[in-house]
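Working notes for the structure below.
In the numbering used here, the protein residues as written are 7 to 334.
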């Protein structure tokens, strides 16, 4: 079994930069299924030519329900401890997320201009290989822009659209926070399908440094949701967190190394060498510009008394005059 997903970003400690990829990746981690994870930014590497893609003995598909159904048949599931009522609640949660959080997340990533052009488009364009980078970001942008516009009558009133999407998403986040309470996961101490779905939304909203941070700040204002994301990353995606820590350390070391210091070895020698190089460069320029003339001679050595400097010839030649010399 193989799962092809969009790759993540070490800078933000992200296991994947795609919602559907994250949901499938997280479910596989929760269920403990022996699935080989293939992270890529080239959709054509997958059997379906799209990401995510799950490849198994029954074929290849990307639908979340189809993947989880197949894994359950192979006795890999994270819902064994759930009651019938809780299993039905999973469906209700999934619908709630699609109605309230999905539009807001897609708007903030793919429609809102500052975040799209400065962060999201830049990331995908930088990571998708040529020539697909010229196609996929624009396609995603158009797809989600059409989705958002279809939800509102006045599609040109961007301020009203953004305010309404934020309002609905904040209500959903508050409800999730109240439902989670002090538990580790939504149905107890162990994660289930609903956690794979919710975690994927929250980590994308919380960790990626988008420009409009209304929902990001709302999650931070719900400490149990922030802890929920951190604990899940630490338990199931420690490699992503280690990569993030390494990137931050490297960045901090680079900044520290670029700061001026008085404790530079051989500082005097370096200054002297720099001065000599600068003088040589200036002298070379002066010769090239004709400000200074050097007579290389023909190998004959004159005594001081025998050498006469012809001032008249020098002035008529235009090589010196008042502008030459080097007094300036």
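Every residue gets a Cβ at the ideal spot worked out from N, C-alpha and C, and that includes glycine.
Measure the alpha-carbon distance for residue 25 versus residue 206 and round it to whole angstroms.
Taking the straight line joining both Cα atoms gives about 6 Å.
Mind the definition here: the region 28-47 touches the region 226-234 only if three or more C-beta pairs lie below 8 Å; say whether that holds.
Inter-segment contact for the region 28-47 and the region 226-234 is absent: fewer than three beta-carbon pairs are separated by less than 8 Å.
Residue 258: beta carbon under 6 Å from a heavy atom of the ligand COA?
Ligands displayed in this structure: none; no statement on the ligand COA is therefore possible.
Neighbourhood of residue 186 by C-beta distance below 8 Å, restricted to the same chain and skipping five residues each side:
So the qualifying residues of the chain are 192, 230, 231, 234.
Considering just the uninterrupted stretch of the beta strand (DSSP E) at residue 9, what are its terminal residues?
Here the beta strand (DSSP E) through residue 9 covers 8-12.
How is residue 67 classed by DSSP in three states: helix, strand or coil?
In this structure, residue 67 counts as strand in the three-state DSSP scheme.
Measuring only the C-alpha atoms, how far is residue 255 from residue 216?
In this structure, the alpha-carbon of residue 255 lies about 22 Å from that of residue 216.
For residue 267 and residue 260, what's the separation of their Cα atoms in angstroms?
Note that residue 267 scores a pLDDT of 46, beneath 50, so its modelled location is shaky; the value from the coordinates is reported in the next line. Counting only the Cα atoms, residue 260 lies some 14 Å from residue 267.
Below 8 Å on the Cβ atoms is my contact criterion, and I expect residue 95 with residue 47 to pass it. Report the Cβ-Cβ distance as a whole number of Å.
Incorrect: roughly 35 Å between the Cβ atoms, too far for contact.
Classify residue 97: buried if its beta carbon has 16 or more other beta carbons within 10 angstroms, exposed otherwise.
Its Cβ having fewer than 16 others within 10 Å, residue 97 is exposed.
Kindly list the residues whose CB is nearer than 7 Å to the CB of residue 120, restricted to its own chain and excluding five residues on each side of it in sequence; keep chain order.
Counting only Cβ-Cβ distances below 7 Å, and skipping sequence neighbours, we find 217, 218.
Pull the bridge partners of residue 60 from the DSSP assignment, please.
For residue 60, the beta-bridge partners assigned by DSSP are 9, 67.
Taking the alpha carbon of residue 195 as the point to measure from, which residue in 55, 108, 87 has its own alpha carbon closest?
Minimum Cα-Cα distance from residue 195 among the listed residues 55, 108, 87 corresponds to 87.
Cα-Cα, which of 74, 49, 51 is closest to residue 32?
Nearest of 74, 49, 51 to residue 32, Cα basis: 74.
Does the beta carbon of residue 68 sit closer than 7 Å to a beta carbon anywhere in chain D?
Among the protein chains of the structure shown there is no chain D, as only one such chain exists.
With a Cβ-Cβ cutoff of 7 Å, do residue 58 and residue 66 count as a contact?
Against a cut-off of 7 Å, the Cβ pair of residue 66 and residue 58 comes out as no contact.
Let me know if residue 60 comes out buried or exposed under the rule of 16 or more other beta-carbons within 10 Å of its beta-carbon.
Around the C-beta of residue 60, 16 or more other C-beta atoms lie within 10 Å, and the residue is accordingly described as buried.
Pick from 159, 127, 203 that is closest to residue 70, judged by C-alpha positions
Taking each of 159, 127, 203 in turn and checking the Cα distance to residue 70, the smallest one comes out for 203.
Considering only residues of the same chain and omitting the five flanking positions on each side of residue 134, which have a CB-CB separation below 6 Å?
47, 142.
Three-state secondary structure (DSSP) of residue 194:
Reduced to three states, the DSSP call for residue 194 is strand.
Measure the alpha-carbon distance for residue 201 versus residue 102 and round it to whole angstroms.
C-alpha separation (whole angstroms): 13 Å.
Mind checking residue 262: buried by the 16 CB within 10 Å criterion, or exposed?
Classification for residue 262: exposed.
What are the boundary residues of the beta strand (DSSP E) that residue 189 is part of?
Run containing residue 189: none; DSSP gives neither H nor E here.
Neighbourhood of residue 18 by C-beta, 8 Å cutoff - its chain only, sequence neighbours within 5 removed
Closer than 8 Å at the Cβ level, and outside the excluded window around residue 18, lie 213, 214, 215, 250.
Could you pull the start and end residues of the beta strand (DSSP E) that residue 45 belongs to?
Per DSSP, the continuous beta strand (DSSP E) segment holding residue 45 begins and ends at 42-46.
Going by C-alpha to C-alpha distance, which of 104, 146, 76 sits closest to residue 8?
Taking the Cα of residue 8 as reference, the smallest distance to any Cα among 104, 146, 76 is reached at 76.
Return the chain-ordered list of same chain residues with a C-beta closer than 6 Å to the C-beta of residue 126, the five sequence neighbours on each side being excluded.
Hits under 6 Å: 115.
For the region 162-245, which segments carrying the alpha helix (DSSP H) assignment without a break, of at least 4 residues, lie completely within its bounds, in sequence order?
You should have 164-186, 199-213, 220-226, 229-242.
Report the rounded CA-to-CA distance for residue 44 versus residue 147, giving the unit in angstroms.
Near 25 Å, if we compare the C-alpha coordinates of residue 147 and residue 44.
Three-state secondary structure (DSSP) of residue 112:
Under the three-state reduction of DSSP, residue 112 is assigned to helix.
Excluding the 5 residues flanking residue 112 on each side, which residues of the same chain have their C-beta closer than 6 Å to its C-beta?
Excluding sequence positions up to five before and after residue 112, its CB lies within less than 6 Å of the CB of 150, all in the same chain and listed in chain order.
Is the distance from the Cβ of residue 252 to the Cβ of residue 239 below 7 Å?
With contacts defined as CB atoms closer than 7 Å, residue 252 and residue 239 fail to qualify as a contacting pair.
Applying the criterion that 16 or more other CB atoms from any shown protein chain within 10 Å of the CB defines a buried residue, is residue 163 buried or exposed?
Under this definition residue 163 is an exposed residue.
What would DSSP say about residue 24, mapped onto helix, strand or coil?
If DSSP states are grouped into helix, strand and coil, residue 24 belongs with coil.
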